[in-house]
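Note sheet for the following structure.
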Amino acid sequence: MVDPTPNDHPLTDLNEETCWALLNAHSIGRLALRSGNKIDILTVKYAVYQGRIYFQSKAGENFSSIVVSRQVAFEIDEARSDTVKSVIVHGTAEWHFHEMPINPAVLDDVRIDSGENMNWVVVTPESISGRELRILG
Numbered sequence: 001m002v003d004p005t006p007n008d009h010p011l012t013d014l015n016e017e018t019c020w021a022l023l024n025a026h027s028i029g030r031l032a033l034r035s036g037n038k039i040d041i042l043t044v045k046y047a048v049y050q051g052r053i054y055f056q057s058k059a060g061e062n063f064s065s066i067v068v069s070r071q072v073a074f075e076i077d078e079a080r081s082d083t084v085k086s087v088i089v090h091g092t093a094e095w096h097f098h099e100m101p102i103n104p105a106v107l108d109d110v111r112i113d114s115g116e117n118m119n120w121v122v123v124t125p126e127s128i129s130g131r132e133l134r135i136l137g
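This note's numbering puts the sequence shown at residues 1 to 137.
So, in structure tokens, the structure goes:
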């Protein structure tokens, strides 16, 4: 294995445009939120629309702590044979009880159920950052 030179560091920061492109390219992410004295990390199927992240949840799931503590982190990864990219969004989550926060057609790909007990969660980003780890070898 060759040691990286200072200009060939295996870990680099991603710019905001690249972070948004990665978020738009994927549909499965993880939401981190405080639930009492612990932090929960939950996998969600999501969509990005006009700079916000949308996903659906059943009433009574762990997401209900969003009502109390609206600060969340959202994360996605992209792993390839030679690189791993990760994007983290810190933001505020809103719970939309039984109502579609935007045009329903926009969210068709992430709809997991159309039942009455389904709610929408919207994450409004406050910051976004990302990193790329190049696998040297």
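Glycine included, each C-beta is placed from N, C-alpha and C at the ideal position.
Asked                                                                                                                                            : Found
Ignore the nearest five residues each way along the sequence and tell me which others in Arg134's own chain have a CB closer than 7 Å to its CB. : Pro10, Asp82, Thr83
Secondary structure at Asn15, three-state DSSP: helix, strand or coil?                                                                           : coil
For Pro125 versus Val89, is the C-beta distance shorter than 8 Å?                                                                                : yes
Considering Cα atoms alone, identify which of Glu78, Ser129, Ser27 is closest to Tyr49.                                                          : Ser27
Check each candidate in Arg30, Ala47, Lys45 and name the one with the smallest Cα separation from Ile39.                                         : Arg30
To the nearest angstrom, report how far apart Asp13 and Arg131 are at their CA atoms.                                                            : 4 Å
Who does Pro125 pair with in a DSSP beta bridge?                                                                                                 : Gly91
Which stretch, first to last residue, makes up the beta strand (DSSP E) that contains Ser81?                                                     : Element bounds for Ser81: n/a, residue is neither H nor E.
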